[in-house]
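Colleague: One line per chain: the protein sequences are R and P, in this order. Going by this note's numbering, the residue at position 229 of the first sequence is 271; the numbering climbs one at a time, nothing skipped. Going by this note's numbering, the residue at position 338 of the second sequence is 1133; the numbering climbs one at a time, nothing skipped.
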Amino acid sequence: MDNLNKLLFHPSFNDTISEINRLNIQLPPKPSYQEMNFQLYTYPPDGRLVTNVEEIKRYVLDPKKGDKIAHEPTTICCAYDESINKFSGLEGTAFLMSHSLVVTRELDFMPLNLLTFYFYTRSKDITNKSRFIKYSKDPEMDSKKDYVNDKIEFLTEYSPPGSILFIDGPLIGGDVYTFMIRAINKFLSKEIIPVFFVKNSSSNLVTDNIPDLLGRYNSDMHWAYTYLKKGQRTNFFKYADRNNPDNAKIFCYLKAFDLSPQRVEFHIDTFQKYRYKIDEIMDLIYYLILAQGDLKNPQVRPIAIAEKYARDTLRLTDINKIAKYSGLVPTMNQERFGW
Amino acid sequence: MTWVVVGEEHGKIKLVSKSGTPGLIPKGSYLTIEGEKGKFILRVDDSVQYEPYSPSPLIVDMDLSPLRQDQKCQNIIYASRVKDLNERDDGLIDYILPQSEARRSNQEEISKAIGEIEGEGGPEVFLATVHSSQSQLLIDNEKKPIKAKLPEDMFFHQILVCGKTGSGKTAASKYLAQYFVEKMEGAVLAINVKDVDFLIMDKKSIAKNPLVIKEWKLLGEEPHGIENFTVYFPANIDISTAPGVTPELCQKITMNVKDIEPEALTGLLRGITDAAAQNLPNIFRYWQETKKKEGNKDFTFGGFVKYFSMAEADGRIFRTMNSRKEESAEISLHSGTFSNLQRNLIFAQDFFDNPEAKSLDWKDILYPGKISVINVPGDKGEEFGSILLRHLLRRIVQAKSQRESNVPVLIIIDEVHKFYNTSSSKEALGDLDTISRTGRSQKIGVLFSSQNPQDMPGGLSSVINTKIFFRTDVSSAKSHGIDASTVEIESLRNGFAAATIHNLSQVKFIKFPLAYAGVFEKET
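Pasting the structure below:
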């Protein structure tokens, strides 16, 4: 817990800024807000649906039980969210990312933030001049890899042992699949229960695989919204690797308000290890969504706090001021639209 | 407890509390920021609660308990910069850097901030504040109340003490009087108009409230009575049965027609114009001086009343003498004025020439360390007091101006409107006005005490430099320049006051300790 209440800077943060200054690279005056989309990085990468985790039906959540668990002294909740600014310049693209971890202590939310700053370019002339400037043919993809690596490193290092870790975003597969597996193992070794949340997904993991639902709904979210009442969740589904059924995630949909539901995901190892606590955790999640209470931003309260810290630390870090005297020429779009 | 500087907004320094600060710092408190080159002292002007996580009320609506973390509160402060304790020689003013940490100021820092002069004496009071309709003492980080020394010079720039009954007005006057005689070796003349307010100052105070006793301890004082204390009362009024009064310290007084200052007779007059009132002293002076010239040693006030009444038959024409003792023109009084004066003179006969009573003069009053109280309760007492007060004031001013005495004197006048008309002009206020304007050089001070400041004679309020308002009527407090809100003034507990103090401009709310003499606290 001594590590909390701090703002950390990635080791290459200052060096990268110094180098873009030295190389006379100028960042545009205003960055754009960047959402990391991992729709195409599903976990497991080559999965298929298995439905037999629970009986297919609606499960009523009990916020009173969640309230009780939230206030037990042994319950440590923590949450992760991130905020990203993207700077598109002629010479390349920079990403300023704020990784935010919030731990609920007895009387306060204790934040810990990590700021990273990377610059990607297709120009070998530039990358040859500095080891802190990254060569990339696809800055979007490479920034995602760096993002996931930093996120996993950050969470495995700083999440308190014995905690329930709420992570905004899905279990990620794709190119970073192995990182994710390593992270899950580390979490479990520290008795951390990672829980992943997905909002606004258009995936059809359930509706494409349950014959009765096939073709009737636009997405799983559409089905879950129609199927559930407020304060209910669906049964858990298992989504497993075609070749290795032990490599899987367990998920359900939860509807807290009369709004689009959320998907709650567990890695199968987490689910199996903590099966006896999963119902309690679902009640806790429902209580924490009610505690957040914001219909415009329905998510578990600690994630909402982590989001605030992520955005605030990003806002406080004026990368342009730091790199004030560099000379990058903005692209036409940035000039035209005044980013 | 620590607050962090956020920056400056609209001329005020904005600060926010750090985690672990368990409550709001009240308005009026002082904060110290230690910079690299010196300290800055700030006074808290506004202090509000802020909930950083702005939790939704939904959870409580659903009968669920809120997250304790969501209940976190912070204290946002807006403070004025009152003193920079550093030295610069380039004429610029230091920045207060954002992220600087502030703590509650200690006694030494606050004393400097409010302008106390090191080494100088003065009656000690506690600094106070009113926050959320609660009046309370300001305390430092060691939980010790913050004290302030009222400057001694304040006494000679006139003081007004106002407050409703029981608000602490009289106790404060007693406290200041006791300081004046004991620490400044001055003399106090107090006019007591009701109850036994000032008549028991020979006795030590008795306190039941542990907070009062704690305050005395903090000031290093024990309750004790005034050693040199005399109660004077008109011979025609019996106060021997007044509870608590020590009969041995009481002396009957009368007024001697041979010595009475002619101007003092204006104290008798009610309901006539200032100009008409000015005729009576000149008529009386002519008669008094004529009797003296005749060598008549046995003339009495009754003789003057007869002399005055006989003029009715001669068309109410009087010979007069001015204050330079030159005979002036004859005057003719209007019949209405004549009847009014005659009625009052007949009424006043009782006050004069009682052979069993003493006639007071300045020497009885201007005695170092002595409190003299003239007890003039009731209607008759007020008339007596009006004449005697004018007589004594004139005598004291004369004695001081002729350097016959260098003893500082404080005159305490309770309910001043009973002795001087609220509409009195400066001329009619006579010596009182002179004192108010020249008191500093002659070491004469006046403390006016009143339930309603609107009773103050108009000519006086402009020369009063220290105004202390206990719980009282709000509009009149504001009209006297008190910078406090309606809620703040109405929330003042007993002993707490809003004030503007001469030469102590940063002080806004104070709490008087209970006087060491003459106050008997009731069991609470």
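Virtual Cβ for every residue (Gly too), placed ideally from N, Cα, C. Model, not experiment: these values are computed from the prediction.
For a cutoff of 8 Å on Cβ pairs, would you count residue 154 (chain R) as touching chain P?
Modeller: It does not; no Cβ of chain P falls within 8 Å.
Colleague: What number of angstroms, rounded off, separates the C-alpha of residue 1138 (chain P) from the C-alpha of residue 1292 (chain P)?
Modeller: Each residue's Cα considered, the two are about 43 Å apart.
Colleague: Can you find the residues in the same chain that come closer than 6 Å, C-beta to C-beta, to residue 375 (chain R), ignoring five residues on each side of it along the sequence?
Modeller: Model confidence at residue 375 (chain R) stands at a pLDDT of 40, short of 50, so the residue's coordinates are unreliable and nothing is read from them.
Colleague: Measure the Cβ-Cβ separation of residue 48 (chain R) and residue 154 (chain R) and say whether it is below 8 Å.
Modeller: Contact flag set, yes.
Colleague: Quick one: measure Cβ to Cβ for residue 333 (chain R) and residue 861 (chain P), integer angstroms, because I've assumed they're closer than 8 Å.
Modeller: That pair is a contact at about 7 Å.
Colleague: Would you list the one or two residues that DSSP bridges to residue 798 (chain P)?
Modeller: Residue 798 (chain P) is bridged to P:812, P:897.
Colleague: Using a Cβ-Cβ cutoff of 7 Å, what residues of the stretch 808-828 of chain P are near chain R? List them in chain order.
Modeller: Answer in chain order: 814.
Colleague: Can you name the start and end residues of the beta strand (DSSP E) that residue 870 (chain P) belongs to?
Modeller: Note, residue 870 (chain P): beta strand (DSSP E), 869-880.
Colleague: Should residue 1194 (chain P) go down as buried or exposed, given a rule of 16 or more other Cβ atoms within 10 Å for buried?
Modeller: With 16 or more Cβ atoms within 10 Å of its Cβ, residue 1194 (chain P) is classed as buried.
Colleague: Under three-state DSSP, which class holds residue 79 (chain R)?
Modeller: In the structure shown, residue 79 (chain R) sits in coil (DSSP, three-state: anything other than H, G, I, E or B).
Colleague: Does DSSP put residue 841 (chain P) in a helix, in a strand, or in coil?
Modeller: Residue state, collapsed to three classes: strand.
Colleague: Give the range of the beta strand (DSSP E) segment to which residue 160 (chain R) is assigned.
Modeller: Residue 160 (chain R) -> beta strand (DSSP E) spans 151-163.
Colleague: Tell me which residues share the same chain as residue 244 (chain R) and place their Cβ nearer than 8 Å to its Cβ, disregarding the 5 neighbours each side in the sequence.
Modeller: Answer for residue 244 (chain R): 81, 260, 261, 263, listed in chain order.
Colleague: Is the stretch 1170-1181 of chain P in contact with the stretch 1056-1065 of chain P, if contact means three or more CB pairs nearer than 8 Å?
Modeller: Counting Cβ pairs under 8 Å, three or more are found: they touch.
Colleague: Check the C-beta distance from residue 122 (chain R) over to residue 197 (chain R) and give it rounded, since I have them as a contact under 8 Å.
Modeller: Right, the Cβ-Cβ distance comes to about 6 Å (below 8 Å), so this counts as a contact.
Colleague: Using beta-carbon positions only, say whether residue 1263 (chain P) and residue 859 (chain P) come within less than 8 Å of one another.
Modeller: Contact: no.
Colleague: Can you name the start and end residues of the beta strand (DSSP E) that residue 122 (chain R) belongs to?
Modeller: Note, residue 122 (chain R): beta strand (DSSP E), 119-130.
Colleague: Residue 309 (chain R) by DSSP, collapsed to three states: which one?
Modeller: It is a strand residue.
Colleague: Counting only the same chain and skipping the five closest in sequence on each side, list residues whose C-beta sits under 7 Å from that of residue 945 (chain P).
Modeller: Contacts found: 917, 918, 920, 1296, 1299.
Colleague: Using a Cβ-Cβ cut-off of 6 Å (strictly less than) and excluding sequence neighbours within five positions of residue 205 (chain R), which residues of its own chain qualify?
Modeller: Excluding residues within five positions, the ones whose Cβ falls inside 6 Å are 118, 120, 234.
Colleague: Could you name the residues of the stretch 847-860 of chain P whose beta carbon sits closer than 8 Å to any beta carbon of chain R, in the order they occur along the chain?
Modeller: So the list reads 848, 850, 851, 852, 853, 854, 857, 859, 860, given in the order they occur along the chain.
Colleague: Please return the same chain residues whose Cβ sits closer than 7 Å to the Cβ of residue 975 (chain P), not counting the five positions on each side in sequence.
Modeller: So the list reads 950, 981, 983, 1205, once near-sequence residues are dropped.
Colleague: Can you check which of these residues, P:866, P:855, P:843, is closest to residue 742 (chain P) by C-alpha distance?
Modeller: Coverage of chain P is limited to positions 796 through 1319, which leaves residue 742 (chain P) absent and any answer about it impossible.
Colleague: For the beta strand (DSSP E) containing residue 1152 (chain P), list its first residue and its last residue.
Modeller: Per DSSP, residue 1152 (chain P) belongs to no beta strand (DSSP E) and is neither H nor E.
Colleague: If I measure Cβ to Cβ from residue 110 (chain R) and keep anything under 6 Å in the same chain, skipping five residues before and after, which residues do I get?
Modeller: So the list is empty, once near-sequence residues are dropped.
Colleague: Residue range of the alpha helix (DSSP H) that residue 926 (chain P) falls in?
Modeller: No alpha helix (DSSP H) contains residue 926 (chain P), which is instead part of the beta strand (DSSP E) from 919-926.
Colleague: Can you tell which of P:1119, P:821, P:851, P:847 has the C-alpha that lies nearest to the C-alpha of residue 338 (chain R)?
Modeller: Cα-wise, what sits closest to residue 338 (chain R) is P:851.
Colleague: Residue 864 (chain P) and residue 150 (chain R): beta carbons closer than 8 Å?
Modeller: It is a contact, given that the beta carbons lie within the stated cut-off.
Colleague: Can you give me the start and stop residues for the beta strand (DSSP E) that residue 1116 (chain P) sits inside?
Modeller: 1112-1116 is the span of the beta strand (DSSP E), which, as asked, contains residue 1116 (chain P).
Colleague: Which residue marks the beginning of the beta strand (DSSP E) containing residue 1335 (chain P), and which one marks its end?
Modeller: For residue 1335 (chain P) there is no data in the structure shown, the boundaries of chain P being 796 and 1319.
Colleague: Does residue 864 (chain P) have its Cβ less than 8 Å from a Cβ in chain R?
Modeller: Interface residue, yes.
Colleague: Count the C-beta pairs between the stretch 57-77 of chain R and the stretch 208-224 of chain R that are closer than 8 Å, then say yes if the count reaches three, no if not.
Modeller: With the cut-off at 8 Å, the stretch 57-77 of chain R and the stretch 208-224 of chain R do not touch.
Colleague: Below 8 Å on the Cβ atoms is my contact criterion, and I expect residue 971 (chain P) with residue 941 (chain P) to pass it. Report the Cβ-Cβ distance as a whole number of Å.
Modeller: About 20 Å separates the two Cβ atoms, so there is no contact after all.
Colleague: Going by DSSP in three states, residue 141 (chain R) sits in which element: helix, strand or coil?
Modeller: Of the three classes helix, strand and coil, the one that applies to residue 141 (chain R) here is strand, per DSSP.
Colleague: Tell me, please, whether the CB atom of residue 347 (chain R) is closer than 8 Å to any CB atom in chain P?
Modeller: So yes, residue 347 (chain R) belongs to the interface.
Colleague: For residue 867 (chain P), go through chain R and note every residue whose CB falls closer than 8 Å to its CB, in chain order.
Modeller: Simply 149, 150, 151.
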